[in-house]
Amino acid sequence: MIRIIKSRIRRRTNEKLGVPRSRISSTKPLRRRTTMEKKTVVFKEKMDRNKIIACMNDLLDSFKAGTVCIQHGEDLVTLKPNAHISLEMEASVKKGKERLTIELSWRNDKEHEDKEFRIMAEEPVSETEDETVSA
């Protein structure tokens with residue numbers, strides 16, 4: 004039941020985006036959303052392993068440079084990863100189909116503040132207590 008509902012929602016969404024039902028292509032954007040806050044490019048294609056490795060190397064080089072630009076046709080999203088990135092990986096095998104999902108995410112609106120982290124046997128003395136004792 005859930006699978007049928009998702010299928011109907013996806014079909015309606017594609018129709019709203021102007022993707023005809025009969026369109027069969029291995030290289031196509033699945034959806035394109037642009038709003039004031041969000042711009043998304045989704046790309047899906049079957050490739051041989053060497054081409055995937057080349058894409059992953061391009062992605063790695065872009066991360067090292069500090070700017071990742073993803074373009075498909077006229078759709079473009081530019082990302083600027085900061086130093087603190089969340090990594091989520093999921094690997095699964097089901098009925099002969101293997102999947103590896105890698106998700107990287109970060110926030111650019113706030114700089115990550117490295118707060119001091121310590122483990123001590125005694126409570127630290129605060130600055131206000133020091134002033135009271137010396138007065």
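Counting from 4, one number per residue, gives the positions in the sequence shown under the numbering used here. Idealized CB from N, CA, C, for every residue including glycine. Since this is a predicted model, take the numbers as computed values, not measurements.
Bounding residues of the beta strand (DSSP E) (the contiguous stretch that carries residue i)
i	result
residue 78	78 to 82
residue 94	89 to 97
Per DSSP, cross-strand counterpart(s) of residue i
i	result
residue 72	81
residue 101	96
residue 106	91
Beta-carbon proximity check, residue i vs residue j, cutoff 9 Å
i	j	result
residue 80	residue 42	yes
residue 91	residue 103	no
residue 106	residue 95	no
residue 44	residue 87	no
Between the CA atoms of residue j and residue i - distance to the nearest angstrom
i	j	result
residue 38	residue 70	Low confidence applies to residue 38: its pLDDT is 49, below 50, so where it sits in the model is not reliable, and the reading given next is rough at best. Near 21 Å, if we compare the C-alpha coordinates of residue 70 and residue 38.
residue 98	residue 109	34 Å
residue 66	residue 56	15 Å
residue 51	residue 111	34 Å
residue 77	residue 58	19 Å
residue 128	residue 85	35 Å
residue 63	residue 120	31 Å
residue 60	residue 122	40 Å
residue 101	residue 53	18 Å
residue 83	residue 49	27 Å
residue 124	residue 73	50 Å
residue 126	residue 68	43 Å
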